[in-house]
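Positions 2 to 723 (our numbering) are the ones given, in order, by the sequence shown. Beta carbons are placed, not taken as given, at the ideal position from N, Cα and C, and that holds for glycine. Predicted model only: the values in this text are computed from it and were never measured. Before any comments, here is the structure.
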Amino acid sequence: MAANVELVNRAWTVLTDTLTPGEKKTSQAYISSEVEFQNAVEILCKQDLGHIIEEWFLDTLQEDLRQKVGPQFWNYFSIQPSETDQLLEAVEYLHKVTMDYLPCIQRLESTTQIKRWRKSSTLFNTSSLTEAFILLMKSTLFSIFPRTFQEIVNKFYSDAFKVFHHTTTEPDQDSEDDEETSCKGCEQPSETCLCQHIMLNFHNLNRKLDDIGILERVSGTAVTNIVHERIKTYVENSCKGNFETSYIDILETWLDTKVLGWLHLVYSGNRTHIYSDCIDGFKGRLLHFLYESFANIQIEQLFNIIIEFPESEPAILDLKMCLEKTDVRTQLVTSLKSALETRLLHPGVNTSDILTAYIAAIRALRVLDPAGVILELVCHPVRKYLRSRDDTVRCIVSNLTDDGSNELLDELIKGQPLLLDETGHSDNEDEDWEKWMPDPVDADPSTTSKSKRASDIISMLVNIYGSKELFVNEYRTLLADRILTQFNYEIEKEIRYLELLKLRFGETQLHFCEVMLKDVADSKRLNTRVTEARNKSGERGEIDVNAMVLSAQFWPAFREEKITLPEVMQESLKEYTKKFEALKGNRTLNWKPHLGLVNIDIELKDRTINFNVSPVHAAIIMQFQKQEKWTVEDLSNELQMPATALRRKIAYWQTQGLLKEETTDTFLLVEEHKGRTHDVIVTDDDETESAMASAQSQREEELQVSYSITCLNCVVSHFSPV
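So, in structure tokens, the structure goes:
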């Protein structure tokens with residue numbers, strides 16, 4: 002019995018001395034041969050002690066890691082001044098310890114006698130003792146990272162990525178200045194560039210961490226954070242503020258060459274070839290993060306992208322692709338709706354500017370989302386706000402027929418019929434039933450007809466109010482105002498617009514406008530006949546008159562203003578009336594003396610000035626032929642017009658330097674003006690005033706059914722010096 006105990010003790014001594022790393026062996030440790038080691042294992046197994054061999058070894062490993070290796074490893078980060086040196090020396094130490102243990106682990110693992118007692122597979126859920134050792138190291142040393150350690154690792158890999166990005170970038174791409182004094186990779190002076198040194202340390206660290214099986218545990222979080230941060234930074238620096246270039250292909254290429262290329266360098270060791278294989282799978286997640294980062298950047302500046310459409314269409318198409326691959330649709334709707342409300346929907350923005358932005362939003366968002374759901378959700382507050390503004394209809398109609406605005410001209414030329422919300426269902430919806438697709442999940446269920454969301458821009462603008470009568474009436478007022486303020490008999494352009502509008506609104510709705518244009522054409526012919534009759538009879542008045550003869554019941558209500566014209570002007574109008582009665586038989590004219598246009602030459606001591614002004618302005622300045630000074634009260638009595646209106650009209654002549662207020666409500670003609678050249682021609686562009694009554698006045702005024710014909714223009718060919 003004593004002999005057996007002594008035999009077992011000797012066998013245990015041989016086994017423990019053999020499985021103890023070199024540094025831990027005592028001076029009396031016995032160096033056994035392979036035969037002696039195998040015999041010792043066999044003796045222990047015969048005594049049913051094989052089950053404690055691996056258990057003892059793992060306990061010894063764990064105790065050594067906890068008591069010696071761990072404290073020594075973390076001590077490196079408190080005594081070294083250089084962060085890079087701290088990390089490199091600590092990993093070097095850990096690598097040496099692991100290399101000391103590996104021969105012992107491999108020797109024990111290759112011993113066949115104790116395989117049936119192996120507990121590592123059940124205790125640690127591993128397939129080998131080596132994997133159990135790595136798991137013990139991870140759990141003992143790296144269960145919790147100190148914050149400083151993670152910062153050091155982050156900086157090390159961040160510097161390495163920066164150097165890699167710099168060294169793999171063409172010089173003309175990396176910098177426009179070929180004579181830079183510092184390296185953009187390591188940020189050191191060019192003559193002391195450390196890029197190669199940094200990359201050498203990078204490869205060495207990865208190799209050693211890979212050798213001991215903890216590369217992913219140590220670098221995984223840092224690498225992921227760095228990659229995400231670099232993707233965000235690169236996307237923002239490359240794409241922010243530039244909407245005229247497509248960036249998706251550029252970003253994908255950058256991800257393949259820079260990010261994935263760097264990841265392959267990190268995980269290129271012998272042990273982590275499995276991780277390298279997983280990079281292809283990781284690529285899908287990185288692509289998703291890339292699309293998401295790009296989409297977030299574009300969503301932040303989507304308002305500006307919309308305003309610059311169609312030049313910004315490449316940015317819209319890129320964002321459309323990202324919406325198909327990410328889940329940022331709700332974020333886009335919320336952000337854009339907030340941007341529109343903040344930047345557009347307040348009293349400080351003109352209605353015309355809001356309409357311009359709304360039209361751009363319709364066009365851009367239809368490219369982004371052809372189904373029209375985003376447009377419906379985002380622009381609902383815009384439509385609601387426009388409905389609350391008094392001048393919305395007028396601005397829309399002005400844009401439709403304004404030469405200087407092209408937002409709606411192309412839409413008007415298309416000639417599509419209006420699609421209004423009041424029509425419950427469109428027959429055209431069933432024509433392409435084979436191409437039918439369901440609405441997206443975020444579509445408003447109350448919007449039952451997809452064709453309403455897909456209607457043209459003009460229909461959407463009309464649908465702000467849901468009634469085309471408002472727009473027809475506003476166009477009628479605008480057309481009348483344009484005719485009467487411009488006083489131009491050339492109406493070919495207006496006829497063209499009218500024909501286009503007929504295709505939209507129908508001929509019945511625009512019948513009054515047809516009559517208005519016919520009145521202009523008839524007035525042109527009438528003026529020609531009156532002039533011919535005057536020339537034939539040899540009569541020639543002081544003032545040549547051209548009249549615009551209008552059928553009052555077809556025109557909107559006119560702005561009313563009391564005025565008694567000077568005698569010379571009244572005589573010219575009476576003469577024109579006689580010529581008209583001679584041509585038209587039992588018809589006569591009912592003049593509107595405050596409306597029209599007077600071309601007048603004012604001859605002063607030092608200059609002659611030409612003006613195009615209203616008859617009221619002409620009547621005021623003509624009174625200064627009689628006397629050089631007038632009070633407001635006297636001039637008001639002379640012209641039979643209210644004093645408040647008279648002061649407003651006199652202000653125009655003050656701005657032109659012809660009248661000055663000598664004392665309160667007393668005005669004097671300015672005959673001489675230093676610094677102004679002679680024969681100056683001034684056009685009264687700023688004094689243009691609408692000839693039509695306000696919308697409220699038109700609603701209050703009853704429709705006149707009597708036949709009333711009105712003169713709206715008097716052109717003065719000569720005016721005596723004042």
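Which residues DSSP lists as bridging residue i, in chain order
i    : result
W75  : DSSP, once it has assigned bridges, lists no residue as partnering W75.
T667 : T632 and T664
S183 : P190
Beta-carbon proximity list for residue i, same chain, < 6 Å, skipping 5 on both sides
i    : result
N155 : A223
E237 : I298
E342 : P382
V368 : I317
E110 : L130
C396 : T352, S353 and L356
D607 : E673
D520 : L551 and S552
E37  : V15
T112 : V42
S313 : F244 and I306
Assigned secondary structure, residue i (DSSP; H/G/I helix, E/B strand, else coil)
i    : result
W631 : strand
K661 : strand
N613 : strand
P382 : helix
I601 : strand
F146 : coil
W592 : coil
T327 : coil
Q48  : coil
I544 : coil
D391 : coil
A372 : coil
Y268 : coil
W13  : helix
M322 : helix
H166 : helix
V98  : helix
S709 : Legend: pLDDT at S709 = 33, less than 50; position of this residue unreliable, value from coordinates given subsequently. Coil.
P567 : coil
K156 : helix
G282 : helix
H347 : coil
Cβ neighbours of residue i in the same chain (closer than 7 Å, five flanking residues each side left out)
i    : result
N474 : none
K580 : V531, A534 and R535
W556 : A481 and M517
S399 : L479
Q87  : Y77, F78, Q81 and I153
V267 : N207, S220 and V224
N528 : N547 and A548
M322 : I249
V633 : A644, L647, R648 and D666
F203 : A161
P22  : D101, Y102 and C105
Chain-order list of residues whose beta-carbon lies under 8 Å from that of residue i (same chain, five-residue window excluded)
i    : result
T327 : H289, Y292, E293 and A296
S637 : P643, A644 and L647
A340 : L303 and F304
D178 : With a pLDDT of only 48 at D178, under 50, the local geometry of the prediction cannot be trusted, and no value is derived from it.
M200 : A161, V164, F165 and T168
E543 : V569, E572, S573 and H719
Distance between beta carbons of residue j and residue i, contact taken as under 8 Å
i    : j    : result
L137 : L66  : 6 Å
I306 : L333 : Incorrect: roughly 11 Å between the Cβ atoms, too far for contact.
R364 : F310 : 6 Å
L252 : K284 : That pair is no contact at about 13 Å.
P315 : E245 : 6 Å
Y498 : T402 : 5 Å
K563 : Q510 : With a Cβ gap of about 35 Å, K563 and Q510 do not count as contacting.
I603 : I621 : I603 to I621, Cβ: 12 Å. No contact.
R384 : I459 : Rounded, the Cβ-Cβ distance is 14 Å, inconsistent with contact.
E386 : L346 : One point to set straight first is that residue 386 is Tyr, not Glu, in the sequence displayed. So it is a contact: roughly 4 Å between Cβ atoms.
Y466 : R388 : 6 Å
Exercise. Could I get the ranges of all uninterrupted alpha helix (DSSP H) runs contained in the region 459-520, with 4 residues as the minimum, in chain order?
Key: Segments of the alpha helix (DSSP H) lying fully in the region 459-520: 469-487 and 493-506.
Quiz prompt | Entirely enclosed beta strand (DSSP E) segments - the region 186-223, minimum 3 residues | solution = none
Practice problem: Tell me the start and end of each unbroken alpha helix (DSSP H) in the region 223-254 that is at least 4 residues and wholly inside, in chain order. | Solution: As far as the region 223-254 is concerned, it has no whole alpha helix (DSSP H) run of at least 4 residues.
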